[in-house]
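A.B. asks: Structure incoming, see below.
Number of protein chains: 2
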Amino acid sequence: MRLTNYFLPTLKEEPKEAEIVSHRLMLRAGMIKQQAAGLYSWLPLGYKVLRKIQTIIEQEQNRAGAIQMLMPTLQPAELWRESGRYDSFGKEMLRITDRHDRDLLFGPTNEEMITDIFRSYVRSYKELPLNLYHIQWKFRDEIRPRFGTMRSREFLMKDAYSFDIDREAAEKTYQRMFVAYLRTYFRMGLTAIPMRAETGPIGGDLSHEFIVLAETGESAVFCDRDILQKPIPARDTDFNGDLSAIVDEWTTPYAATEDMVDMEEFEQKVPEERRIAARGIEVGQLFYFGSKYSASMNANVTEADGKDVAVHSGSYGIGLTRLVPALIEAFHDENGIVWPVSVAPFEVILINLKAGDELCSKTCDSLYGQLQTAGLDVLYDDTSGGAGGKFANADLVGIPFQLIIGPRGAKSGEAEIKNRKTGERETMPIENAVQYLKDIIEPERRDTV
Amino acid sequence: MRLTNYFLPTLKEEPKEAEIVSHRLMLRAGMIKQQAAGLYSWLPLGYKVLRKIQTIIEQEQNRAGAIQMLMPTLQPAELWRESGRYDSFGKEMLRITDRHDRDLLFGPTNEEMITDIFRSYVRSYKELPLNLYHIQWKFRDEIRPRFGTMRSREFLMKDAYSFDIDREAAEKTYQRMFVAYLRTYFRMGLTAIPMRAETGPIGGDLSHEFIVLAETGESAVFCDRDILQKPIPARDTDFNGDLSAIVDEWTTPYAATEDMVDMEEFEQKVPEERRIAARGIEVGQLFYFGSKYSASMNANVTEADGKDVAVHSGSYGIGLTRLVPALIEAFHDENGIVWPVSVAPFEVILINLKAGDELCSKTCDSLYGQLQTAGLDVLYDDTSGGAGGKFANADLVGIPFQLIIGPRGAKSGEAEIKNRKTGERETMPIENAVQYLKDIIEPERRDTV
């Protein structure tokens, strides 16, 4: 993409309304614009990140056997009256009346609707297990939306819902999602720690939150440093096989959020030098809630012996619009964002230091074509601005590699490559630059590990 | 995808509520489920079609220079008060009040919000032209939603919004969208005819609807048969070049909807043997409305001479959730849907006629792997049902090619391939089947033309 054809409205000023660094950087990097309290537009750069995150989530959900579909944003109130949550949900539920005075609501979650879908079609235990997911906009009317898209009212969530014949089978499904989540966050470059958690308004007795450590995290977390060294399950993990060894390994070291922590137990189980007491951001949650919805909504299947039983269910969420600021909280420095390659809006920014110079522009135009042919996702700064502004902008938006061509380099055949993360610069013959970048970037995509 | 792991709840009974064939077939093929009047869930098979359509639209929008972003579903009422449409829009606008008694609405379209984004960032004529699009859920509270997702209340739309310095530049942008639309529908296998249209509540004085001919179409259309023979602009069309010759060629033959037709002119300009008077489904619309929103909302840029001018704009919509039934109206027979390859939920269905037969299943399992390795999108019917039901189901869901393996064929090394569209069956050695399918299917994807 040529920057002269793109829409990247970066800001020089510090936005006053932003309390945390990710919110400030998302505004400054031209990723989002607030449209009302807790309502955001995703400008092109922000939207590209959102899509890369979505692709990773979809690939890992599909690999784990979840099937993608899509439910509407609005839901009829009747379904929520059946489960009893229409009254219990409180003011965070956005209630709507249509022109015929029918009660609707903007879905904050989808347990009721998916249970309705399930009971409409599935009759026999033979059709289980079933795990359906969608990625759809949700709404929670937070009394005080804040921190940009970290805690917005309208937010994009991946939510999966599983149906199994009994608790044992349901726990296997839970483990599949557990492993899929470990892989999902790893592919985004994140270290996300699964922690036992409260189930809250979703219900049930088994839940894990996945937590990214960050100073600005909303909750205190306590864990054993050992958990940071656990190996990530590989791409060829057999999701039809027994995953309990992986889950056991990840759940043995102590890890709990402040809601669940028992300080005495923490101090007893974890030697002092391995104790981490920090703040964290929740980037996903798994719930097993058994027959909470299937019983109240009559979602039964017939077993082999002819008896009807309520199915056992769980739900599994990842907030996409929250993951973007969570990533920025984890990956930034004083000059701006530092994207991991796998979720970067672009992988390379090609910087033409003097767009008015004929040889320099010709060299850059040619490199732009070569980078695209090499399959790299490239933003080409072909604007007429000065070098200082271009460097500052490139650092701000955080593209992992900068390929810098000036008039002198174009003449002498030399390119400079800057690694945004380490700050290191390398000079090399222009004809080597594309292959050099390809060799560094491809493994960093983490799509083959 | 193995059918035993998939969720494809096809129905044997004719759904009584469906008035048109596409609605009936979408319900029977397990593509959608109604959740309330005009609100639908997209079940996995339907969702796959929606995503294929989305990919084609995105590729053609990007190629034509439009930039993708995403605006929220809910909008603050203030923006619509500025343009004057908050009161004029009528009861089709779903008005919402949040917990702080602020007025929101579920966006039926986005002219106001995109104009607000534009005026927040763009100051100079140098930043033009600019064309931004998103694919987002909209809501129109139709008094009588009907025909399934053809006229639902919540619907998915691609809407692009352009900003240009004057009418001349804006017409060039309009032409780029015109050409992109021709290519978009062509790639889906559709013949869509551009017709001069009324501008309605969007406003402006130039508009084209793209119409697919179908008996169940909501409006009468009148056109010259010549237009059906016009060539589709190629993939390598230069969108920076002059596209007026293409647009002229496509707009010269008479074509108008019932709102715009002048019967005298129609009969005078078109010889009787070339006159088509038929019914059509609108699958997209282009609008040029000049400064209608920029003037009322102060979206100005500074020209080279230092003067401020209101920008000239247009908007360009394609209804994705309506395109799916429109495709089915165009492509079906008495046995079910007949998908064009480019939008088919799967390209091949591999049918194991006897899942209990060891050799037959082994042969099918191997073919399933080979089809996937060949890059084909395959559904594998590995269920234990009988042959008759499997054939009926395969015809109903309309996957373009059926690769059929029975116990006898597995033994003698013979496969049968059925072309869903022509009904033709070919028998060939099993080892030739995958290459045969690859050679037929790849060009039908229309992604390289």
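In the order they appear, the protein sequences are chains A and B. When we follow the working numbering, the leftmost residue of the first sequence carries the number 1, and every step to the right adds one. When we follow the working numbering, the leftmost residue of the second sequence carries the number 450, and every step to the right adds one. Glycine residues also receive a C-beta, built at the ideal position from the N, C-alpha and C atoms.
1. Let me confirm a value: I592 of chain B is counted as buried when at least 16 other C-beta atoms fall within 10 Å, else exposed. Which label applies?
2. For Q136 of chain A, list the residues DSSP reports as bridge partners.
3. Can you give me, in chain order, the residues of the segment 556-579 of chain B that have a beta carbon less than 8 Å from any beta carbon in chain A?
4. What are the boundary residues of the alpha helix (DSSP H) that P44 of chain A is part of?
5. Rounded to the nearest angstrom, how far is the Cβ of P794 of chain B from that of K497 of chain B, given a contact under 8 Å?
6. Quick one: give me the first and last residue of the beta strand (DSSP E) that V732 of chain B is part of.
7. Is there at least one Cβ from chain A nearer than 9 Å to L523 of chain B's Cβ?
8. Let's see if you can read the secondary structure: which residues bound the beta strand (DSSP E) around Q75 of chain A?
9. Would you call the CB atoms of K621 of chain B and P578 of chain B closer than 9 Å?
10. For my contact list, V901 of chain B and I563 of chain B are in at a C-beta cut-off of 8 Å; report their separation, rounded to the angstrom.
11. Run through DSSP, which three-state label would M518 of chain B get?
12. P856 of chain B and C809 of chain B look like a contact to me (Cβ under 8 Å); what is the Cβ gap, rounded to whole Å?
13. Cutting at 8 Å between CB atoms, please list the residues of its own chain near T522 of chain B, excluding the five before and the five after it.
14. Quick one: does I450 of chain A have its CB under 9 Å from some CB of chain B?
15. Tell me the start and end of each unbroken alpha helix (DSSP H) in the segment 193-254 of chain A that is at least 4 residues and wholly inside, in chain order.
16. CB G763 of chain B to CB G649 of chain B, shorter than 9 Å?
17. Determine, for Q484 of chain B, whether the minimum Cβ-Cβ distance to residues of chain A falls below 9 Å.
18. Can you list the residues of chain B that Y40 of chain A reaches, using a CB-CB cut of under 8 Å?
19. Residues in the segment 3-22 of chain A with C-beta within 8 Å of chain B's C-beta atoms, listed in sequence order?
20. For a contact defined as C-beta to C-beta under 9 Å, what are the partners of Q517 of chain B on chain A?
21. Does the segment 507-515 of chain B come within contact of the segment 83-98 of chain A, defined as at least 3 CB pairs closer than 8 Å?
22. Would G835 of chain B be called buried (16 or more neighbouring beta carbons within 10 Å of its own) or exposed?
23. Cβ of R99 of chain A less than 9 Å from any chain B Cβ?
24. Determine the chain A residues that contact D590 of chain B at a beta-carbon separation under 7 Å, and present them in chain order.
25. Identify the continuous alpha helix (DSSP H) that holds F391 of chain A and give its terminal residues.
26. List, in chain order, every chain B residue whose beta-carbon is nearer than 8 Å to that of W80 of chain A.
27. Measure from the C-beta of L825 of chain B to each C-beta in chain A and report whether the shortest distance is under 9 Å.
28. If I'm right that L886 of chain B touches V797 of chain B with Cβ under 8 Å, what's the distance once you round it to whole angstroms?
29. How is the beta strand (DSSP E) around L104 of chain A delimited, first residue to last?
30. Have a look at B:T897, B:R895, B:L852 and flag the residue whose alpha-carbon is nearest the alpha-carbon of Q884 of chain B.
31. Does G858 of chain B get closer than 9 Å to chain A when you measure Cβ to Cβ?
32. Name the one or two DSSP bridge partners that I318 of chain A has.
33. Specify, as a first and last residue, the run of the beta strand (DSSP E) that F850 of chain B falls within.
34. Tell whether a beta-carbon distance below 9 Å holds between P525 of chain B and L492 of chain B.
35. Pull up the distance between the alpha-carbon of C223 of chain A and that of Y40 of chain A, whole angstroms please.
36. What is the DSSP secondary structure of D536 of chain B, reduced to helix, strand or coil?
C.D. replies: Reading off the structure:
1. I592 of chain B comes out exposed.
2. Bridge partners of Q136 of chain A: A:M157.
3. Listed by position, the residues of the segment 556-579 of chain B near chain A (Cβ gap below 8 Å) are M562, D565, I566, S569, Y570, V571, L579.
4. Here the alpha helix (DSSP H) through P44 of chain A covers 44-63.
5. About 4 Å; that satisfies the 8 Å criterion.
6. For V732 of chain B, the uninterrupted beta strand (DSSP E) segment begins and ends at 724-739.
7. Yes, because at least one Cβ of chain A sits closer than 9 Å to the Cβ of L523 of chain B.
8. Q75 of chain A -> beta strand (DSSP E) spans 74-76.
9. Yes; because the gap between Cβ atoms is below 9 Å, this pair is in contact.
10. Nothing can be reported for residue 901 of chain B: it is not among the residues displayed for chain B, which extend from 450 to 898.
11. In the structure shown, M518 of chain B falls within a coil segment according to DSSP collapsed to helix, strand and coil.
12. The pair is a contact, with the Cβ atoms about 5 Å apart (cut-off 8 Å).
13. Taking T522 of chain B as the centre and dropping the five residues before and after it, the same chain places the C-beta of F555, G556, Q585, W586, K587, F588 closer than 8 Å to its C-beta, in chain order.
14. Chain A is shown only over 1 to 449; residue 450 of chain A falls outside these bounds and no answer can be derived.
15. 244-251, all fully within the segment 193-254 of chain A.
16. When the beta-carbon positions are compared, G763 of chain B and G649 of chain B stay at least 9 Å from each other.
17. Yes, Q484 of chain B lies at the interface with chain A (some Cβ there is under 9 Å from its Cβ).
18. Listed along chain B are P521, each with a C-beta nearer than 8 Å to that of Y40 of chain A.
19. Within the segment 3-22 of chain A, the residues whose Cβ lies closer than 8 Å to any Cβ of chain B are, in chain order, N5, Y6, F7, P9.
20. Chain-order list of chain A residues neighbouring Q517 of chain B: P44, Y47, K48, R51, by C-beta distance under 9 Å.
21. These segments do not touch.
22. Its Cβ having fewer than 16 others within 10 Å, G835 of chain B is exposed.
23. Cβ-Cβ to chain B under 9 Å: yes for R99 of chain A.
24. Around D590 of chain B, the beta-carbon contacts reaching into chain A at under 7 Å are D98, R99.
25. Residues 387-397.
26. Within 8 Å Cβ-Cβ: nothing; W80 of chain A doesn't reach chain B, min ~12 Å.
27. So, not an interface residue.
28. Taking a contact as a CB-CB distance under 8 Å, the pair L886 of chain B and V797 of chain B counts as one, their CB atoms being some 6 Å apart.
29. Membership of L104 of chain A in the beta strand (DSSP E) is indicated by the continuous run 103-106.
30. The residue with the shortest Cα to Cα distance from Q884 of chain B is B:L852.
31. By this cut-off, G858 of chain B is not an interface position.
32. DSSP lists A:K158 as partners of I318 of chain A.
33. 850-854 is the span of the beta strand (DSSP E), which, as asked, contains F850 of chain B.
34. Cβ atoms of P525 of chain B and L492 of chain B: not closer than 9 Å.
35. In this structure, the straight-line span from the alpha carbon of C223 of chain A to that of Y40 of chain A is close to 34 Å.
36. Here D536 of chain B sits in helix by DSSP.
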